[in-house]
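Okay, so here's the structure we're looking at.
2 protein chains.
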Amino acid sequence: MTDSPSGTRRPAPLDPDMFDPLCPSSAMPFRVGDKWTGMVIRCLEDGPRRFTELRAPLRAVTPKVLSETLRAMERDGLLTRTSYDENPPRVEYTLTPLGRSLLPLLDAARTWSRTHLPLLLAARTAHEQEAP
Amino acid sequence: MTDSPSGTRRPAPLDPDMFDPLCPSSAMPFRVGDKWTGMVIRCLEDGPRRFTELRAPLRAVTPKVLSETLRAMERDGLLTRTSYDENPPRVEYTLTPLGRSLLPLLDAARTWSRTHLPLLLAARTAHEQEAP
DNA sequence: CGGTATCCCCCCCGATACTG
DNA sequence: CAGTATCGGGGGGGATACCG
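Sequences listed follow chains A and B, in order. 1354 is the number of the first residue of the first sequence in this note's numbering; add one for each residue after it. 1354 is the number of the first residue of the second sequence in this note's numbering; add one for each residue after it.
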């Protein structure tokens, strides 16, 4: 185990490429909350994360937008923001049970996409062929 | 049974109030496709519908936007558009199997909303109380 | 490190009017 | 009946720069 001695559970580092911009997930016909809410939930599912930690896989998101997303999620009770007054400052975002309750839905969306998204994309491509 | 003698299955008329604008579904943190795609799928789940038939429950949607939504869905293989050259003209929209495959996801979203949306809205209200 | 502050653009969506 | 044409706004989101 690589848990810190303090007992605070530190999940494994986030894979910076967990949201491959080349994968067709951008065509996924689902959204949870705002544009990035679903991905933030994914990033937090294994435990608390810091702002900069989130920025690695979400490097396509500007800090302004990420901050807005996080504040909206906090307002809606999907996560909690905890700031420890240390130096340098440390802030942690943690999913609430309400936020966690969305995980099965995200799983279902991902499963749908794995099995059906290729058909949707094929249909789309076929249509642009016959009507350019 | 009130099926037409021709054998074409005519589903029961759509409830014009099936999407009550006063219900909090507008706050549902889910979207399938464009803004109205999910509701169109719901409207079609019992069988083919005509354009004007869809406009009853979707009276908040202008014909232009409804038409755009339907064309996008056809392009993506979610429904088929069949026009019979009769007078007056008749056009029917029917879900494809791909379109139908989204129904379980819409069900899951609805179930989530019934059980959890009140908490989300309560959290939101609480936040505006303490920070107006 | 963990954000704000500005500026700005795109595009989804709506209102209104008209047509084969 | 089943749409299209045209115009316009609003806001979510991105680029860039700056701050405690």
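Ideal Cβ placement from N, Cα and C applies to all residues, glycine included. If you're wondering where the values come from, they're calculated on a predicted model, not measured in any experiment.
Put E1445 (chain A) into one of helix, strand or coil per three-state DSSP. The answer is strand: DSSP assigns E1445 (chain A) an E or B state.
Contact with chain A by L1472 (chain B), beta-carbon distance below 8 Å: So, interface residue.
Could you tell me the alpha carbon to alpha carbon distance between T1553 (chain B) and D1429 (chain B), rounded to whole angstroms? Only positions 1354 to 1485 of chain B appear in this structure, which leaves residue 1553 (chain B) out of reach.
What's the C-alpha gap between P1441 (chain B) and S1420 (chain A)? P1441 (chain B) and S1420 (chain A) have their C-alpha atoms roughly 54 Å apart.
What whole-angstrom Cβ distance do R1403 (chain B) and E1445 (chain B) have, given they're in contact under 8 Å? That belief holds up - the Cβ atoms of R1403 (chain B) and E1445 (chain B) are roughly 6 Å apart, short of 8 Å.
Neighbour list for L1458 (chain A) in chain B, Cβ cutoff strictly below 7 Å: Those are A1461, A1462, W1465, listed as they occur along chain B.
Report the neighbours of R1477 (chain B) on chain A: residues whose CB is nearer than 9 Å to its CB, in chain order. By Cβ distance, chain A contributes R1428, D1429, G1430.
R1412 (chain A) to S1378 (chain A), Cα distance in whole Å? So the alpha carbons of these two residues sit roughly 16 Å apart.
So with CB distances below 9 Å, who are the chain B contacts of L1451 (chain A)? Near L1451 (chain A) (Cβ distances below 9 Å), the residues of chain B are H1469, L1472, L1473, A1476.
For P1369 (chain B), count the other beta carbons within 10 Å of its own beta carbon; 16 or more makes it buried, fewer makes it exposed. Which is it? With fewer than 16 other Cβ atoms within 10 Å, it is exposed.
In terms of residues, what are the limits of the beta strand (DSSP E) holding R1434 (chain B)? 1432 to 1437 is the extent of the beta strand (DSSP E) around R1434 (chain B).
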